[in-house]
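I have placed the structure first, in the form of structure tokens, so that the comments after it can refer back to it.
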Amino acid sequence: MRRRQEVQPEVAGEAAAQAAVTVAPVEPDLDAAAFFDVDNTMMRGASIYHFARGLATRGLFTSSDLFKFAVGQAVFRLRGNENPEHIAVARETALAFVAGTKVDDVVRLGEEIYDEVMADRIWGGTRALAQSHLDAGQRVWLVTATPIELARVIAQRLGLTGALGTVAETSNGVYTGRLVGDLLHGPAKAEAVRALARREGLDLTRCTAYSDSANDLPMLSLVGHAVAINPDSELREHARKHDWPIKDFRTGRKATMAALPIAAGVGAVAGSVAAGIALRRHYRDR
65 MRRRQEVQPE
75 VAGEAAAQAA
85 VTVAPVEPDL
95 DAAAFFDVDN
105 TMMRGASIYH
115 FARGLATRGL
125 FTSSDLFKFA
135 VGQAVFRLRG
145 NENPEHIAVA
155 RETALAFVAG
165 TKVDDVVRLG
175 EEIYDEVMAD
185 RIWGGTRALA
195 QSHLDAGQRV
205 WLVTATPIEL
215 ARVIAQRLGL
225 TGALGTVAET
235 SNGVYTGRLV
245 GDLLHGPAKA
255 EAVRALARRE
265 GLDLTRCTAY
275 SDSANDLPML
285 SLVGHAVAIN
295 PDSELREHAR
305 KHDWPIKDFR
315 TGRKATMAAL
325 PIAAGVGAVA
335 GSVAAGIALR
345 RHYRDR
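Residue numbers for the sequence shown follow this note's numbering, so the first one is 65 and each next one is one higher.
Written as structure tokens, this is what we have:
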């Protein structure tokens with residue numbers, strides 16, 4: 065009769081420790097960082113639109129409402145311009161609807177909807193670029209017009225350092241219906257990156273920025289290394305003139321990208337209106 069072998073967990077533990085391969089920790093590169101736009105750079109389409117879509121699947125507003133916002137964003141994409149008056153009106157409408165909503169509720173829904181709707185829309189190529197900076201010991205930040213709460217969720221899910229996003233005023237954990245400053249869009253992104261660089265002691269000449277849109281030229285021109293990702297025609301032309309790297313992770317006809325919702329000003333706020341309406345209705349009727 066075979067004798068049962070005595071269990072010796074401490075022996076197994078010691079053997080495992082001796083066999084372990086030690087990986088040298090990455091030496092931090094504290095002077096350099098990478099900044100990534102989100103919509104159509106890190107993610108296919110507009111993050112705030114996908115958030116609104118997730119709210120629609122929860123019955124917080126109708127598919128007809130969502131369609132209207134999607135059409136509005138597609139028209140904006142095709143025209144390729146931004147009317148300041150339209151941006152202002154849409155922004156104020158969105159803020160009015162979201163007033164009174166708890167920040168924690170938005171964060172919780174953002175986490176759920178990212179896992180359900182957004183995770184599969186991350187561009188693998190862009191994610192790999194972000195990881196290469198992390199592997200080099202550099203910090204990686206998202207920079208987006210998307211509300212900061214949703215931007216932080218995306219950054220956390222991707223294992224990045226953090227996010228810069230549009231900041232809405234809150235009081236006792238509830239949105240007041242006002243912005244702190246304005247949308248983080250265009251020149252405001254560059255100002256945010258500049259302010260972060262001062263705070264973190266970054267050398268902007270050693271930093272890298274990534275975007276798909278000519279709207280982000282202020283941010284791209286601020287750093288020492290600019291990269292065009294899935295660029296629009298204006299950014300592509302600018303990148304070629306200035307010998308910036310161009311990377312396109314899209315497949316199929318690029319013209320189909322025009323049908324994807326994009327958040328860069330009007331698009332971002334249109335999605336915010338949709339989300340705001342949904343949240344307002346939901347928490348008003350509870």
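Where is the CB? At the ideal position from N, CA and C, for every residue including glycine.
- Of the residues assessed, residue 265 falls on the exposed side of the cut-off, its CB having fewer than 16 other CB atoms within 10 angstroms.
- A direct Cα-Cα distance of roughly 43 Å separates residue 261 from residue 80.
- Nearest neighbour of residue 221 by Cα position, chosen from 185, 243, 202, turns out to be 185.
- C-alpha of residue 274 to C-alpha of residue 253: approximately 12 Å in a straight line.
- Contact annotation: residue 97 and residue 231 have beta-carbon atoms that are not nearer than 8 Å.
- Beta-bridge pairing by DSSP links residue 310 to 292.
- Per the DSSP secondary-structure output, residue 107 pairs in a beta bridge with 103, 186.
- DSSP places residue 217 within a helical segment (H, G or I) once states are collapsed to three.
- Residue 208 sits away from residue 268, with the two beta carbons spaced by 8 Å or more.
- Ranking 164, 217, 283, 224 by CA distance to the CA of residue 242 puts 164 first.
- Nearest to residue 211 by C-alpha distance, out of 311, 75, 113, 92, is 113.
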